[in-house]
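Peer 1: Dropping the structure in here first, questions after.
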Amino acid sequence: AQSVAQPEDQVNVAEGNPLTVKCTYSVSGNPYLFWYVQYPNRGLQFLLKYITGDNLVKGSYGFEAEFNKSQTSFHLKKPSALVSDSALYFCAVRDRGSTLGRLYFGRGTQLTVWP
Amino acid sequence: DVKVTQSSRYLVKRTGEKVFLECVQDMDHENMFWYRQDPGLGLRLIYFSYDVKMKEKGDIPEGYSVSREKKERFSLILESASTNQTSMYLCASGRGTRISDTQYFGPGTRLTVL
């Protein structure tokens, strides 16, 4: 069975400080991993994905994520948070053995960056 | 740019009504998905389709059906709406040829059933 856990419902950080949004996963094989962001009353926007290769993945808006196979984690990071980064963040996983392309999402983490 | 559109941003219906939510994508994607989003529960997959007239149940298909008569359009149908179907509904599409491909989401339909 495939699943994703986002252990924090909320993350609060001051503007200019580094931020981390945590994600751990469980799949039967090797994973494809994704991060999406949702701004209020909007659909999800793709941020970045890990497919293979370098464990550090860079994405949109200055975000990056680190894949750690031994810890089965894919934490989202940004060196310096902006107030405009405040949003709901979702981690998702797909098993490489999957033939139908469905994603399994975590429950989301609400990020609040205060001025 | 990939564009996924949904027929309504906000919808208010009465209990027992038949409700149609429409989704259209313009990138010739094979796969299309319907999710519902509820606070604290994240995204839950209702149905998905990997080809015209093909569909698969997701995790919460009860009370819903779908239709995919054309490749670009995927409809979600609430046969008899109930108050517990009040939710945000998100449509997504993605290519089926490479499993690493990204899913792209529409803006969502916030449905209220009274």
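Residue numbers (our numbering), protein chains in the order written: chain P, 135 to 249; chain E, 960 to 1073. Each residue gets a CB set at the ideal place from its N, CA and C atoms; glycine is no exception.
In chain order, what residues of the same chain have a beta carbon less than 6 Å from the beta carbon of F201(P), not counting five sequence neighbours either side?
Peer 2: To locate residue 201(P), count along the first sequence from 1; it is residue 67. Cβ neighbours of F201(P) beyond the five flanking positions: Y184, N189, F208.
Peer 1: Quick one: grab the DSSP three-state call for T1042(E).
Peer 2: Working through the second sequence from its first residue, we reach residue 1042(E) at position 83. T1042(E) falls in the helix class under three-state DSSP.
Peer 1: Using DSSP bridges, identify the partner residues of V247(P).
Peer 2: Numbered from its first residue, the first sequence carries residue 247(P) at position 113. In DSSP, V247(P) forms a bridge with V147(P).
Peer 1: Which complete alpha helix (DSSP H) runs does the region 190-219 of chain P hold, if anything under 4 residues is left out?
Peer 2: List check, alpha helix (DSSP H) in window: nothing returned.
Peer 1: Short check: CB of Y173(P) to CB of A221(P), under 7 Å?
Peer 2: In the first sequence, the residue the question calls residue 173(P) occupies position 39. In the first sequence, the residue the question calls residue 221(P) occupies position 87. Result yes, Cβ atoms of Y173(P) and A221(P) sit closer than 7 Å.
Peer 1: If L216(P) and C157(P) are in contact, beta carbons under 8 Å, what's the gap, nearest whole angstrom?
Peer 2: Sequence index remark: in the first sequence, residue 216(P) carries index 82 (1-based). Sequence index remark: in the first sequence, residue 157(P) carries index 23 (1-based). No, L216(P) and C157(P) are not in contact; Cβ-Cβ is about 21 Å, not under 8 Å.
Peer 1: Opposite K1016(E) in the DSSP bridges: which residues?
Peer 2: The count along the second sequence starts at 1 and reaches residue 1016(E) at position 57. Its beta-bridge partners are Y1006(E).
Peer 1: Using a Cβ-Cβ cutoff of less than 6 Å, which residues in the same chain neighbour E981(E) once the five nearest sequence positions on both sides are dropped?
Peer 2: Indexing the second sequence from 1 puts residue 981(E) at position 22. Result list for E981(E): S966, S1034, in chain order.
Peer 1: Would you please verify whether the beta carbon of F239(P) is less than 7 Å from any beta carbon of chain E?
Peer 2: Translated into the one-based positions of the first sequence, residue 239(P) becomes position 105. Chain E, which has a Cβ nearer than 7 Å to the Cβ of F239(P), makes this yes.
Peer 1: Pull out every residue of the region 161-191 of chain P whose Cβ sits closer than 9 Å to any Cβ of chain E, in chain order.
Peer 2: So the close ones are Y166, F168, Y170, Q172, N175, R176, G177, L178, Q179, F180, K183, I185, T186.
Peer 1: Could you list which residues in chain P have their beta carbon closer than 9 Å to that of N1043(E), in chain order?
Peer 2: Taking the first residue of the second sequence as position 1, residue 1043(E) is located at position 84. The contacting residues do not exist; N1043(E) stays about 19 Å from chain P at best.
Peer 1: Taking its Cβ as the centre, do 16 or more other Cβ atoms sit within 10 Å of V138(P), making it buried, or is it exposed?
Peer 2: Reading the first sequence from its first residue, position 4 is the one you call residue 138(P). Buried, since its Cβ has 16 or more Cβ neighbours within 10 Å.
Peer 1: Who are the Cβ neighbours of P1020(E) in its own chain at under 8 Å, not counting the five residues just before and after it?
Peer 2: As a working mapping, residue 1020(E) is identified with position 61 in the second sequence. I1005, Y1006, listed in sequence order.
Peer 1: For I1036(E), which beta-bridge partners are listed by DSSP?
Peer 2: Start at 1 with the first residue of the second sequence, and residue 1036(E) comes out as number 77. Per DSSP, F979(E), S1024(E).
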